[in-house]
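If you count the sequence shown from 1, position 557 lands on 558 in the numbering used here, and the numbers rise without skipping.
Have a look at the structure below, then the notes.
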Amino acid sequence: AWVHGDPRKVIYPTDSYGQFCGQKDTLNENKTVLFYFNILKCASPVVLINLQCPTTQLCVSKCPDRFATYIDVQASYRYKPDQWNYYKQFCKPGFNNPRKSVAQVLRDEDCPSMIIPSRPFLKRCFPDFSTKNGVLTVANQTTFKDGIGKTRNVTDLREAANGINNVLDARSVGVKIFEDYAISWYWILIGLFIAMIVSLLFLVLLRFIAGVLFWIFIFGVIGIIGYGIWHCYWEYDHLKGIPGSDLTVYDIGFQTDFRVYLQLRQTWLAFMIILCIVEVIIILMLIFLRNRIRIAIALLKEGSRAIGYIMSTLFYPIVTFILIAICISYWAVTAVFLATSGEPVYKVMANETQCKYANLTCDPETFNTTNVTKLCPGAQCTFAFYGGESLYHKYIFIFQLANAFVFLWLVNFAIALGQCTLAGAFASYYWASRKPADIPLWPLFSSFGRAIRYHTGSLAFGALILAIVQLIRVILEYLDHKLKGTQNSFTRFLLCCLKCCFWCLEKFLKFINRNAYIMIAIYGKNFCTSAKEAFFLLMRNVVRVAVLDKVTDFLLFLGKILVAGGVGVLAFFFFTQRIPIFAQEAPTLNYYWVPLLTVIIGSYLVAHGFFSVYAMCVDTLFLCFCEDLERNDGSTAKPYFMSASLHRILGKKELSPKKT
Numbered sequence: 002a003w004v005h006g007d008p009r010k011v012i013y014p015t016d017s018y019g020q021f022c023g024q025k026d027t028l029n030e031n032k033t034v035l036f037y038f039n040i041l042k043c044a045s046p047v048v049l050i051n052l053q054c055p056t057t058q059l060c061v062s063k064c065p066d067r068f069a070t071y072i073d074v075q076a077s078y079r080y081k082p083d084q085w086n087y088y089k090q091f092c093k094p095g096f097n098n099p100r101k102s103v104a105q106v107l108r109d110e111d112c113p114s115m116i117i118p119s120r121p122f123l124k125r126c127f128p129d130f131s132t133k134n135g136v137l138t139v140a141n142q143t144t145f146k147d148g149i150g151k152t153r154n155v156t157d158l159r160e161a162a163n164g165i166n167n168v169l170d171a172r173s174v175g176v177k178i179f180e181d182y183a184i185s186w187y188w189i190l191i192g193l194f195i196a197m198i199v200s201l202l203f204l205v206l207l208r209f210i211a212g213v214l215f216w217i218f219i220f221g222v223i224g225i226i227g228y229g230i231w232h233c234y235w236e237y238d239h240l241k242g243i244p245g246s247d248l249t250v251y252d253i254g255f256q257t258d259f260r261v262y263l264q265l266r267q268t269w270l271a272f273m274i275i276l277c278i279v280e281v282i283i284i285l286m287l288i289f290l291r292n293r294i295r296i297a298i299a300l301l302k303e304g305s306r307a308i309g310y311i312m313s314t315l316f317y318p319i320v321t322f323i324l325i326a327i328c329i330s331y332w333a334v335t336a337v338f339l340a341t342s343g344e345p346v347y348k349v350m351a352n353e354t355q356c357k358y359a360n361l362t363c364d365p366e367t368f369n370t371t372n373v374t375k376l377c378p379g380a381q382c383t384f385a386f387y388g389g390e391s392l393y394h395k396y397i398f399i400f401q402l403a404n405a406f407v408f409l410w411l412v413n414f415a416i417a418l419g420q421c422t423l424a425g426a427f428a429s430y431y432w433a434s435r436k437p438a439d440i441p442l443w444p445l446f447s448s449f450g451r452a453i454r455y456h457t458g459s460l461a462f463g464a465l466i467l468a469i470v471q472l473i474r475v476i477l478e479y480l481d482h483k484l485k486g487t488q489n490s491f492t493r494f495l496l497c498c499l500k501c502c503f504w505c506l507e508k509f510l511k512f513i514n515r516n517a518y519i520m521i522a523i524y525g526k527n528f529c530t531s532a533k534e535a536f537f538l539l540m541r542n543v544v545r546v547a548v549l550d551k552v553t554d555f556l557l558f559l560g561k562i563l564v565a566g567g568v569g570v571l572a573f574f575f576f577t578q579r580i581p582i583f584a585q586e587a588p589t590l591n592y593y594w595v596p597l598l599t600v601i602i603g604s605y606l607v608a609h610g611f612f613s614v615y616a617m618c619v620d621t622l623f624l625c626f627c628e629d630l631e632r633n634d635g636s637t638a639k640p641y642f643m644s645a646s647l648h649r650i651l652g653k654k655e656l657s658p659k660k661t
């Protein structure tokens with residue numbers, strides 16, 4: 002990829018001569034956009050983006066901003082030279098012969114037969130479509146001259162480029178979203194910083210008041226959802242009687258301005274029903290699992306105590322994030338180089354439909370010496386796309402799969418390294434006879450060193466197994482996408498079953514790997530042995546696994562929701578200018594939900610990074626506790642390594658010394 006690839010093929014569009022538009026130190030340095038001589042010949046926007054449109058493509062400095070035809074410009078070039086000077090910039094370089102007959106100019110495609118007002122999109126000139134009173138227009142006109150004596154409707158442009166209006170709508174939304182990010186990016190960073198401070202504050206406080214904080218978590222989430230229910234009901238009731246509010250989502254169809262949906266009572270009713278269902282589910286779970294929640298809170302107190310002695314573990318997710326960012330960067334760059342490894346392919350472009358050489362590959366250097374131009378007057382050898390027929394080019398797709406597989410393997414290895422490192426640090430806390438006196442100096446760095454020096458092969462093997470399953474899932478998703486249009490019900494059913502099975506297998510392997518890495522950190526055995534011992538140990542304590550471990554995960558998840566929800570509510574009131582103190586500071590946005598969603602998702606990811614340390618701590622302590630119960634009996638000869646608080650919390654009957 003690095004030898005054959007050329008990212009300029011992605012960065013710059015390519016004209017009919019295989020030259021890049023806008024590339025520095027070339028004749029096209031100041032010509033940054035691609036212009037199509039006759040966009041009516043293009044079948045769809047996809048054809049335009051792939052540079053396979055059967056018309057001459059030229060690099061220009063700017064798109065046309067007016068309607069004009071070559072016939073009109075040629076007829077008036079003597080007394081209106083400004084019009085000719087403007088029009089000729091869209092002709093082939095060096096062409097300046099208005100005396101040449103119109104028929105020959107159009108046959109040789111020296112100049113376009115017409116130009117229409119356009120705007121650059123993806124560095125290509127697209128018609129400047131707009132809607133006026135429900136009528137499609139270009140520069141406020143509904144008709145135009147096509148340069149060959151016909152007056153056509155602008156809908157022909159839309160039909161020629163099927164779906165172009167949807168692309169332009171997406172462009173409009175994309176531009177507005179970009180503007181919102183440009184205006185509000187620093188406020189987004191402030192929101193994420195607040196989420197980080199809140200997450201750290203909660204984690205520090207957990208060491209002292211874990212029970213109180215987690216009940217605050219629980220009732221905080223219930224309160225936030227309750228406020229959401231009330232707000233949805235208030236909006237639903239407020240819209241009563243307002244004209245148009247009783248329309249359904251189906252009635253108005255898809256709208257790029259999502260605020261339209263917020264003017265419908267049906268939208269707020271749907272939100273309220275969803276929130277009510279979530280609220281009821283959470284309350285029922287709390288009622289039936291209240292005793293187990295108390296046990297899980299006690300286990301988290303022990304975990305918070307362990308993190309209190311090894312505070313450096315809170316910042317280890319930053320290391321994992323950096324490693325994964327490096328993996329993503331390497332994969333993305335390599336994928337771009339692979340995707341741009343093709344050589345330029347030139348094809349014969351003929352105006353005559355009966356030309357037998359049309360669409361055949363050609364060599365631009367020798368094209369003029371062939372008899373194609375004689376048999377097909379006006380035929381040209383123009384750039385079509387990037388590709389190739391060599392062995393390398395035939396297997397680029399396989400190379401992309403290999404690149405994706407390496408990416409999955411490296412990402413899973415980075416995650417495995419983090420899990421094993423944290424497990425080793427927390428295991429050193431648990432197996433210390435006197436806490437904290439017997440905890441090793443720099444336990445996190447010592448655990449990281451052991452993982453790198455002794456366990457690299459085990460971690461890589463576990464990551465390999467998971468990467469293989471994930472690659473199979475990627476291939477299944479690709480096949481499902483390719484076969485979406487098929488009418489074979491059995492094929493769709495089989496694919497659905499396979500996707501479900503491999504999804505379950507991936508979840509199971511992640512669970513096994515996580516506990517295998519804990520056993521590797523404790524005993525230093527290989528992956529297979531550790532995975533087997535961890536699996537049977539968990540099966541012998543399956544009730545504790547199902548209740549304590551999963552309830553703990555649930556409580557940590559509620560913590561993430563509370564952090565994200567709390568910061569999200571604050572961001573909502575800020576960006577909608579409902580906080581009087583900061584009303585003047587809040588930016589004016591096209592879509593306030595753009596920075597709002599970014600803050601909410603970002604806050605959840607920030608909270609997830611810090612809370613994942615707690616989750617790993619609890620899993621490690623729980624596995625150590627189960628191992629401690631089996632290895633020791635609490636006697637003087639075999640004392641338990643668990644703290645006194647765990648004696649009282651997690652095994653009152655089992656923890657009494659065995660009688661001899």
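We put the CB at the ideal spot given by N, CA and C, even for glycine.
Determine contact between the segment 586 to 597 and the segment 606 to 620, defined as no fewer than three beta-carbon pairs at a distance below 8 Å. Touching, no, given that fewer than three Cβ pairs across the two stretches are closer than 8 Å.
Are the CB atoms of phenylalanine 414 and alanine 464 nearer to each other than 7 Å? Alanine 464 is positioned such that its CB atom lies closer than 7 Å to that of phenylalanine 414.
Rounding to the nearest angstrom, what Cα-Cα distance links leucine 204 and proline 121 in this structure? Approximately 50 Å, taken between the alpha carbons.
Are the beta-carbon atoms belonging to cysteine 687 and alanine 428 less than 7 Å from one another? The requested residue 687 does not occur in the structure, where the chain is confined to residues 2 to 661.
Could you check whether the segment 16 to 33 touches the segment 365 to 385, counting it as contact only if at least three pairs of C-beta atoms, one from each stretch, sit closer than 8 Å? Yes: at least three Cβ pairs fall under 8 Å.
Looking only at DSSP bridge pairs, what is methionine 350 linked to? According to DSSP, which records beta bridges pairwise, methionine 350 is partnered with Gln381.
Taking the DSSP output, what are the residues bridged to valine 34? The partner list for valine 34 (beta bridge, DSSP) reads Val61.
Burial state of valine 631 (16 or more Cβ within 10 Å): A quick correction: the sequence has glutamate, not valine, at residue 631. With fewer than 16 other beta carbons inside 10 angstroms of its own, glutamate 631 counts as exposed.
So is proline 444 buried or exposed if we call it buried at 16+ other beta carbons inside 10 Å? That one is buried.
Of the choices Phe503, Val607, Gly419, Arg493, whose alpha-carbon is the least far from that of leucine 472? Nearest to leucine 472 by alpha-carbon distance, out of Phe503, Val607, Gly419, Arg493, is Phe503.
Spatial neighbours of cysteine 233 within its chain, please: C-beta separation below 7 Å, excluding the five flanking residues on both sides. If we look at cysteine 233 and ignore the five residues flanking it on each side, its Cβ neighbours are Trp269, Phe272, Met273, Leu276.
With respect to the alpha helix (DSSP H) encompassing threonine 335, which residues constitute its N-terminal and C-terminal limits? Threonine 335 -> alpha helix (DSSP H) spans 317 to 340.
DSSP-derived helix/strand/coil call for glycine 19: Of the three classes helix, strand and coil, the one that applies to glycine 19 here is coil, per DSSP.
Neighbourhood of aspartate 129 by C-beta distance below 7 Å, restricted to the same chain and skipping five residues each side: Taken in chain order, the residues that qualify are Pro118, Ser119, Arg120, Val139, Ala140.
Limits of the beta strand (DSSP E) - the one that serine 131 falls within: Note, serine 131: beta strand (DSSP E), 130 to 133.
Using DSSP bridges, identify the partner residues of methionine 115. For methionine 115, the pairing in a beta bridge is given by DSSP as Thr70.
According to DSSP, is valine 281 part of a helix, a strand, or is it coil? Residue state, collapsed to three classes: helix.
Is it a yes or a no for the segment 559 to 570 touching the segment 538 to 549, going by three-plus beta-carbon pairs under 8 Å? At 8 Å Cβ cutoff, the stretches do not touch.
I think tyrosine 87 touches proline 113, with their Cβ atoms under 8 Å apart; what is that distance to the nearest whole Å? The pair is not a contact, with the Cβ atoms about 13 Å apart (cut-off 8 Å).
Let me know if threonine 143 comes out buried or exposed under the rule of 16 or more other beta-carbons within 10 Å of its beta-carbon. By the neighbour-count criterion, in which a residue is buried when 16 or more other Cβ atoms sit within 10 angstroms of its Cβ, threonine 143 is exposed.
Does tryptophan 231 pass the burial test, meaning 16 or more other C-beta atoms within 10 Å, or should it be called exposed? By the neighbour-count rule (16 or more Cβ atoms within 10 Å), tryptophan 231 is not buried but exposed.
Express the C-alpha separation of tryptophan 3 and valine 213 in angstroms, rounding to a whole number. The alpha-carbon of valine 213 is positioned some 56 Å away from that of tryptophan 3.
Assign leucine 89 to buried or exposed, taking buried as 16 or more other Cβ atoms, counted over all protein chains shown, within 10 Å of its Cβ. Contrary to the premise, residue 89 reads as lysine rather than leucine in this sequence. Buried, by the Cβ-count rule.
Classify methionine 643 as buried or exposed, calling it buried when 16 or more other Cβ atoms lie within 10 Å of its own Cβ. A residue is called buried once 16 or more other Cβ atoms fall within 10 Å of its Cβ, and methionine 643 is buried on that count.
Excluding the 5 residues preceding and the 5 following serine 531 in the sequence, name in chain order all residues of the same chain whose CB lies nearer than 6 Å to its CB. For serine 531, where only same-chain residues beyond five positions count, the Cβ hits under 6 Å are Ala517, Met520, Ile521.
Contacting residues, own chain, Cβ-Cβ under 7 Å from valine 607 (five flanking each side not counted): Correct list, in chain order: Leu193, Ala196, Met197, Ser200.
Around the Cβ of cysteine 377, are there at least 16 other Cβ atoms within 10 angstroms (buried) or fewer (exposed)? Of the residues assessed, cysteine 377 falls on the buried side of the cut-off, its CB having 16 or more other CB atoms within 10 angstroms.
Pick from Leu556, Leu510, Glu478, Phe509 that is closest to leucine 495, judged by C-alpha positions: It is Glu478.
Figure out for me which residue from Val155, Lys146, Cys126 has the closest Cα to the Cα of lysine 133. Ranking the options by Cα distance to lysine 133, first place goes to Val155.
In the segment 526 to 610, which residue ranges form an unbroken alpha helix (DSSP H) of at least 4 residues, counting only runs that do not cross its ends? Assignment of alpha helix (DSSP H) within the segment 526 to 610, counting only whole runs of 4 or more residues, yields 528 to 541, 551 to 576 in chain order.
Proline 318 and glycine 23: beta carbons closer than 7 Å? No, the pair does not count as a contact, with Cβ atoms beyond the cut-off.
Supposed contact pair phenylalanine 209 and leucine 563 - C-beta distance, whole angstroms, cut 8 Å: With a Cβ gap of about 18 Å, leucine 563 and phenylalanine 209 do not count as contacting.
Cα-Cα, which of Ile278, Ser434, Ile582, Leu499 is closest to threonine 637? If we check each option's Cα against that of threonine 637, Ser434 comes out closest.
Less than 6 Å between C-beta atoms, sequence neighbours within five positions excluded: which residues of the same chain meet that for histidine 5? Here histidine 5 has Ser342 as same chain residues with Cβ atoms under 6 Å from its own Cβ, once five neighbours each way along the sequence are excluded.
Apart from the five residues on each side of it in sequence, which residues of its chain come closer than 7 Å, Cβ to Cβ, to arginine 153? For arginine 153, same chain residues with a beta-carbon under 7 Å away, outside a window of 5 residues either side, are Thr144, Phe145, Asp147 in chain order.
Using C-beta distances below 7 Å, list every residue in its chain close to threonine 335, excluding the 5 sequence neighbours before and after it, in chain order. So the qualifying residues of the chain are Ala2, Asn404.
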